[in-house]
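So the structure is just underneath, and the comments pick up after that.
There are 2 protein chains.
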Amino acid sequence: MLTIGKLGEAAGVKVPTIRYYEQIGLLPEPERSAGNQRLYDAKAHDRLAFIRHARDLGFPLEAIRDLLSLSDKPDQSCAAADIIATEQLAAVEARIARLTALKAELERMITQCAQGTIADCRVIEVLSDHALCAEDHRAKTGSGGAV
Amino acid sequence: MLTIGKLGEAAGVKVPTIRYYEQIGLLPEPERSAGNQRLYDAKAHDRLAFIRHARDLGFPLEAIRDLLSLSDKPDQSCAAADIIATEQLAAVEARIARLTALKAELERMITQCAQGTIADCRVIEVLSDHALCAEDHRAKTGSGGAV
DNA sequence: CCTAATGTCTCTAGCAGCTATAGCTTCAAG
DNA sequence: CTTGAAGCTATAGCTGCTAGAGACATTAGG
Numbered sequence: 772m773l774t775i776g777k778l779g780e781a782a783g784v785k786v787p788t789i790r791y792y793e794q795i796g797l798l799p800e801p802e803r804s805a806g807n808q809r810l811y812d813a814k815a816h817d818r819l820a821f822i823r824h825a826r827d828l829g830f831p832l833e834a835i836r837d838l839l840s841l842s843d844k845p846d847q848s849c850a851a852a853d854i855i856a857t858e859q860l861a862a863v864e865a866r867i868a869r870l871t872a873l874k875a876e877l878e879r880m881i882t883q884c885a886q887g888t889i890a891d892c893r894v895i896e897v898l899s900d901h902a903l904c905a906e907d908h909r910a911k912t913g914s915g916g917a918v
Numbered sequence: 772m773l774t775i776g777k778l779g780e781a782a783g784v785k786v787p788t789i790r791y792y793e794q795i796g797l798l799p800e801p802e803r804s805a806g807n808q809r810l811y812d813a814k815a816h817d818r819l820a821f822i823r824h825a826r827d828l829g830f831p832l833e834a835i836r837d838l839l840s841l842s843d844k845p846d847q848s849c850a851a852a853d854i855i856a857t858e859q860l861a862a863v864e865a866r867i868a869r870l871t872a873l874k875a876e877l878e879r880m881i882t883q884c885a886q887g888t889i890a891d892c893r894v895i896e897v898l899s900d901h902a903l904c905a906e907d908h909r910a911k912t913g914s915g916g917a918v
């Protein structure tokens with residue numbers, strides 16, 4: 772049986788985060804010691820590792836909740852899990868595309884900012900003027916996704 | 772003179788977001804009409820476009836605040852702006868690297884999830900087991916950065 | 001000129017996904 | 001047996017918005 776601190780260490784998750792996951796129902800309420808401290812078993816560790824890992828991969832907590840509920844009924848088709856992963860893949864590809872354009876833009880800005888004063892510095896100009904953009908940022912108006 | 776709605780439309784920023792930027796001091800308080808409605812000029816539009824564009828490029832509001840303060844005193848060296856852009860470039864490159872690894876992982880998961888039941892489904896298995904990882908997610912423990 | 005439909009106003013609360021603080025209790029080592 | 005770390009609950013804060021309530025302003029049509 773692990774205390775919350777040991778569990779956090781083992782799974783690479785901070786202690787308050789574990790309590791937070793319990794609070795929002797991602798982790799079940801664990802046993803308590805005589806002194807009211809949480810005690811976790813190996814199953815809890817696995818579940819937490821699953822969550823941690825999925826978070827690392829960029830899954831939002833809601834998707835993780837879905838995946839966990841799927842894994843609780845292992846006789847069903849995994850199509851649903853596949854859909855969740857596929858959606859994540861699309862989101863990730865979109866982010867990569869955007870970041871790559873962004874990288875080019877920043878490199879261009881930095882190259883052009885060659886020891887002048889801000890008056891000549893295109894960093895600000897590039898950011899002010901849509902027409903100077905290599906990429907069309909306007910396309911994503913309203914999507915508001917994380918970059 | 773533009774009303775807040777027209778300005779938002781022109782700059783691709785939602786109305787409450789404009790008011791939010793004003794509230795946190797990124798935009799100056801504009802003139803008001805006789806009926807107390809905000810009225811913006813072309814300068815305000817440029818500044819908002821600057822902010823919008825920088826947000827699109829992934830700059831946090833604090834960096835934007837710095838850039839704006841630089842642009843307010845254009846006689847200084849652009850070295851500071853360059854530093855900000857360079858920092859952002861590094862962050863962007865790190866994000867791209869992480870997302871690319873993540874993409875490979877998701878593709879692997881999806882390929883392995885071949886219409887079976889969840890019991891055989893590797894999506895969940897892959898997420899449960901660190902040892903199956905192509906990439907070392909453990910390295911970034913504690914950084915907690917956006918993906 | 002009047003009315004109805006927008007648009008705008010302020011204020012407050014909420015979202016994700018944690019993180020930090022305060023003030024207490026419990027546990028393990030020396 | 002004491003002390004210091006680790007645990008407990010509860011609450012508030014963070015970023016960058018977004019949504020709602022309820023009241024006033026503006027504009028287009030009849």
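From first to last, the protein sequence lines stand for chains R and Z. So the first sequence is residues 772 to 918, counted in our numbering. So the second sequence is residues 772 to 918, counted in our numbering. For glycine and all other residues, C-beta sits at the position ideal for the given N, C-alpha and C.
For residue j and residue i, believed in contact at Cβ under 8 Å, the rounded distance
| i | j | result |
| --- | --- | --- |
| residue 876 (chain Z) | residue 828 (chain R) | 6 Å |
Option in the options with minimal Cα separation from residue i
| i | options | result |
| --- | --- | --- |
| residue 814 (chain Z) | Z:881, Z:778 and Z:853 | Z:778 |
| residue 861 (chain Z) | R:865, R:861, R:868 and R:874 | R:874 |
| residue 863 (chain R) | Z:864, Z:858 and Z:869 | Z:869 |
| residue 825 (chain R) | R:808, R:859 and R:793 | R:859 |
| residue 781 (chain Z) | Z:799, Z:836, Z:811 and Z:857 | Z:811 |
| residue 772 (chain Z) | Z:816, Z:800 and Z:806 | Z:816 |
| residue 806 (chain Z) | Z:830, Z:853, Z:843 and Z:774 | Z:774 |
Cβ shell of residue i (< 6 Å), same chain only, five flanking positions each side left out
| i | result |
| --- | --- |
| residue 834 (chain Z) | 855 |
Unbroken alpha helix (DSSP H) run spanning residue i, endpoints
| i | result |
| --- | --- |
| residue 830 (chain Z) | Looking at the DSSP string, residue 830 (chain Z) is not in any alpha helix (DSSP H), and its letter there is neither H nor E. |
| residue 880 (chain Z) | 850-883 |
| residue 778 (chain Z) | 775-782 |
| residue 789 (chain R) | 786-794 |
Proximity of residue i and residue j at Cβ, strictly below 7 Å
| i | j | result |
| --- | --- | --- |
| residue 784 (chain Z) | residue 832 (chain Z) | no |
| residue 786 (chain R) | residue 796 (chain R) | no |
| residue 839 (chain R) | residue 851 (chain R) | no |
| residue 822 (chain Z) | residue 857 (chain R) | no |
| residue 798 (chain Z) | residue 791 (chain Z) | no |
Beta-carbon proximity list for residue i, same chain, < 7 Å, skipping 5 on both sides
| i | result |
| --- | --- |
| residue 788 (chain R) | none |
| residue 804 (chain R) | 810 |
| residue 800 (chain R) | 793 |
| residue 836 (chain Z) | 797 |
| residue 853 (chain R) | none |
| residue 914 (chain Z) | Low confidence applies to residue 914 (chain Z): its pLDDT is 30, below 50, so where it sits in the model is not reliable, and the reading given next is rough at best. Closer than 7 Å at the Cβ level, and outside the excluded window around residue 914 (chain Z), lies no residue. |
Residues near residue i by beta carbon distance below 8 Å, same chain, minus five either side
| i | result |
| --- | --- |
| residue 878 (chain Z) | none |
| residue 917 (chain Z) | Model confidence at residue 917 (chain Z) stands at a pLDDT of 33, short of 50, so the residue's coordinates are unreliable and nothing is read from them. |
| residue 830 (chain R) | 838, 855 and 859 |
| residue 849 (chain R) | 841 |
| residue 808 (chain R) | 774 and 775 |
| residue 843 (chain Z) | none |
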